[in-house]
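With the sequence shown counted from 1, adding 204 to any position gets you the working numbering.
Data block below; observations after.
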Amino acid sequence: LFLKEVPEIKSIVARAGSDDLGLDPMGLNETDMFLVLKPKGEWSGNKDDIANKLRAVLENFPGLVYGFTQPIEMRVSEMLTGTRGDVAIKIFGSDLVEINKAAQAIAGSVRNVKGAAEVISPRAEGMQYLSLKINRTVAGQAGFSIEDLQQRLRNQIEGENLGVVLDGVIRTPLVLRGNDYIRTSPEAFSDLLISAPDGKSWPLASLAEIKQIDGPIRIDHEQSSRFASIQVSVDGRDLAGFVKDAQAAVIALNLPKTINVVWGGQFENQQRAAARLAIVIPIALGLIFAILMVTFGSAIQAGIIFLNIPFALVGGVVALTITGQYLSVPASVGFIALLGIAVLNGVVMVTHFNERLVKGDSMSDVIHFGTERRLRPVLMTAVITALGMIPLLFATGPGSEIQRPLAIVVIGGLITSTLLTLLLLPKLYERFGALKNWGELKEEIHFDWMMDLLKRIKK
């Protein structure tokens, strides 16, 4: 159906269930479908349009729960949190029925939050089981041992491994088990005849009490606690804002005190990264300022160079806004890269200004000829860096969702930082660059007008 209804799809690779080694966190009732798209020139729209076409096809299958993601993003999320969504909501408790009830309520509430693209709440209950309780007295009278009887029943359902059949290089397991109708019909299973050691056949219903019961599909544990997880894919807004609204919606549900809700996924990674950056970035800025002050012997010149940083950050924020991207961990890495580039351009300009000033040039000549001589190095630094980011900016393959925000931030910050370096920084140096200390700076700025204004306001 996908290939028929969505012409942009080139091929499909699918897999169902978990691997034999159990290294994949997928359940046995889950399926991965990897869609290989045709070249972008053959698309009739963008990725969102393709996703909407896929949703239209999937809606024809009632009860199917689905979500869209990218391969690398999916694997990273699985390794870190065990889920695949942008936001993972984990519901912890001791009672499975209570956990599942809370999970369904939370999923229904989160679906109504703006930005919730797909909300996946896996069914953890509703599986049909056959409960078999052996009557030990009757089984003993018939000559059965409990262990032998259990093994024979297990062979009927799961099968007994007899060996391997070789066909060239293909190895096919040979398994002997009961007919299919025995495994699908409780009545047929009850009527199953079991041969006793004396040769007499006994119906299973006479040896055991058999009941059909409901039970969980699977029971997930984390740190020895039972939990159910809800995966949420966010589209059209930032993760932090979405989680804030979703948390408010969940609080309004007034869940039992025995239920503990934990928020994770990519949101958790972003929070963790933001907490680390809140410590690292101020330290880095302080070290940069200290090195500049030692290098130039002037806190004023270090401050002039330091002004490049906020202008570069503004450019990155504006670029994210224009392109519809949101602050993420890759975007934060882009902002860190901008710190070094912005400071480098300022150092190039101020160093040359100081050299010409030492040679005895007038301040006007220093600014005019110094800016002219350093125009090419500054532009080359910005242009080469921007050109290196262009492949990341227009990437569409696996990992592009990580590369694109970084490239957008760096290119946007380079534009504003370069303009500041070439236009505003020379004017600031002309006015304040030759000053040696903050006392001279205070005299140069003249704060008398500000004091007069404050006196007039008091009156």
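Glycine residues also receive a C-beta, built at the ideal position from the N, C-alpha and C atoms.
Just so it is clear, the structure is predicted and the values come from calculations on it, not from any experiment.
**Asked** What does a CB cutoff of less than 6 Å around Ser405 pick up in its chain, not counting 5 residues either side in sequence?
**Response** Short of 6 Å from the beta carbon of Ser405, and not among the five residues preceding or following it, lie these beta carbons of its own chain, in chain order: Leu397, Ser399.
**Prompt:** With DSSP run on the structure shown, which of helix, strand or coil describes Asp449?
**Reply:** In the three-state scheme derived from DSSP, where H, G and I count as helix and E and B as strand, Asp449 is classed as helix.
**Best match in Glu212, Ile303, Lys244 for proximity to Lys461 [C-alpha to C-alpha]** = Of the candidates Glu212, Ile303, Lys244, the residue whose Cα lies closest to the Cα of Lys461 is Ile303.
**Prompt:** Who are the near neighbours of Asn464 in its chain, counting only those whose CB is closer than 8 Å to its CB and skipping five residues on each side?
**Reply:** Ile295, Phe296, Gly297, listed in sequence order.
**Message:** Tell me the DSSP secondary structure of Leu334 in three-state form.
**Reply:** Reduced to three states, the DSSP call for Leu334 is strand.
**Request:** Can you have a look at Ser215 and say buried or exposed, based on whether 16 or more other CB atoms are within 10 angstroms of its CB?
**Result:** Exposed, since its Cβ has fewer than 16 Cβ neighbours within 10 Å.
**Request:** State the Cα-Cα distance for the pair Ala488 and Ala546, rounded to the nearest angstrom.
**Result:** Just so you know, the alpha carbons of Ala488 and Ala546 end up roughly 14 Å apart.
**Which listed residue (Glu391, Pro407, Ile594) has its alpha carbon closest to that of Lys415** = It is Glu391 whose Cα lies nearest to the Cα of Lys415.
**Asked** If you run the structure through DSSP and keep just helix, strand and coil, what is Arg219?
**Response** The DSSP-derived three-state label of Arg219 is strand.
**Item:** Same chain only: Cβ atoms within 7 Å of Ala586, ignoring 5 sequence neighbours per side
**Value:** If you ignore the 5 residues before and after Ala586, its C-beta comes within less than 7 Å of the C-beta of Leu618, Thr622, all in its own chain and listed in chain order.
**Asked** My guess is that Leu664 and Asp442 are in contact by the Cβ rule of under 8 Å, so how many angstroms apart are they, rounded?
**Response** Since the first residue shown for the chain is 205 and the last is 663, residue 664 is missing from the structure and cannot be characterised.
**Request:** Apply the 10 Å Cβ neighbour rule to Leu491 and answer buried if 16 or more other Cβ atoms are within range, or exposed otherwise.
**Result:** Leu491 is exposed by the Cβ-count criterion.
**Asked** Counting pairs of beta carbons, one from the region 472-483 and one from the region 493-510, are three or more of them closer than 8 Å?
**Response** The count of Cβ pairs closer than 8 Å, one atom from the region 472-483 and one from the region 493-510, stays below three, leaving the stretches out of contact.
**Prompt:** Tell me the DSSP bridge mates of Asp424?
**Reply:** Within the DSSP bridge table, the entry for Asp424 names Phe431 as partners.
**Prompt:** Is Met237 buried or exposed, if buried means 16 or more other CB atoms sit within 10 Å of its CB?
**Reply:** The residue in question, Met237, is exposed, as its Cβ has fewer than 16 Cβ neighbours within 10 Å.
**Message:** Quick check on DSSP: helix, strand or coil for Val210?
**Reply:** Three-state result, Val210: coil.
**Message:** For the structure I just gave you, are there three or more beta carbon pairs, one from the region 417-424 and one from the region 308-315, closer than 8 Å?
**Reply:** The region 417-424 makes no contact with the region 308-315; the number of CB pairs closer than 8 Å stays below 3.
**Asked** When you compare only the Cα positions, how much space is there between Leu496 and Leu624?
**Response** For Leu496 and Leu624, the distance between alpha carbons rounds to 18 Å.
**Item:** Distance, Arg422 Cα to Arg430 Cα
**Value:** A straight line joining the alpha-carbon of Arg430 with that of Arg422 spans about 11 Å.
**Request:** Kindly confirm or deny that the region 521-528 and the region 605-612 touch, where touching means at least three C-beta pairs closer than 8 Å.
**Result:** A contact is defined here as three or more CB-CB pairs under 8 Å, and the region 521-528 meets this definition with respect to the region 605-612.
**Request:** Please determine if the region 330-348 and the region 362-369 are in contact, where contact requires at least 3 C-beta pairs separated by less than 8 Å.
**Result:** In this structure the region 330-348 does not lie against the region 362-369, because fewer than three pairs of beta carbons, one per stretch, are closer than 8 Å.
**Prompt:** Under three-state DSSP, which class holds Lys444?
**Reply:** Residue identity check: residue 444 is Ala in the sequence provided, not Lys. For Ala444, the three-state secondary structure derived from DSSP is helix.
**Asked** Is Val261 near Glu209, with beta carbons less than 8 Å apart?
**Response** Cβ distance < 8 Å, so Val261 and Glu209 count as in contact.
**Close Cβ partners of Arg577 (< 8 Å) along its chain, the five nearest in sequence each way excluded** = Within the same chain, and ignoring the five residues on either side of Arg577 in sequence, the residues whose Cβ sits closer than 8 Å to its Cβ are His556.
**Item:** Neighbourhood of Ala412 by C-beta, 7 Å cutoff - its chain only, sequence neighbours within 5 removed
**Value:** Result list for Ala412: Leu336, Lys337, Ile338, Asn339, in chain order.
**Message:** Just verifying my parser: in three-state terms, what is the DSSP assignment at Arg480?
**Reply:** When secondary structure is reduced to three states using DSSP, Arg480 falls in the helix class.
**DSSP three-state assignment for Gly469, whether helix, strand or coil** = Three-state DSSP puts Gly469 in a strand.
**Request:** Please go through the same chain and pick out, in chain order, the residues whose beta-carbon is closer than 7 Å to the beta-carbon of Val570, but skip the five residues on each side of it.
**Result:** Cβ within range, chain order: Phe557, Arg560, Leu561.
**Beta-ladder partner(s) of Phe296, from DSSP** = Paired residues: Phe431, Asn464.
**Message:** Tell me which residues share the same chain as Glu329 and place their Cβ nearer than 6 Å to its Cβ, disregarding the 5 neighbours each side in the sequence.
**Reply:** Cβ within range, chain order: Asn304, Pro420.
**Request:** Figure out for me which residue from Pro514, Arg315, Thr273 has the closest Cα to the Cα of Gly544.
**Result:** When only C-alpha atoms are compared, the closest one is Pro514.
**Three-way DSSP call (helix, strand, coil) for Leu645 in this model** = Residue placement at Leu645 is poorly supported in this model, since its pLDDT is 42, which falls under 50; the coordinates are not used for a value here.
**Item:** Sheet register partners of Ser399 (DSSP bridge)
**Value:** By DSSP's assignment, Ser399 forms a beta bridge with Ser405.
**Item:** Candidates Ala494, Ile504, Val379, of which the one nearest Leu366 by Cα
**Value:** For Leu366, the nearest C-alpha among the options comes from Val379.
**Whether Gly468 touches Gly319 by CB criterion (8 Å)** = Cβ distance not < 8 Å, so Gly468 and Gly319 don't count as in contact.
**Item:** Backbone secondary structure at Lys257 - three-state DSSP
**Value:** The answer is helix: DSSP assigns Lys257 an H, G or I state.
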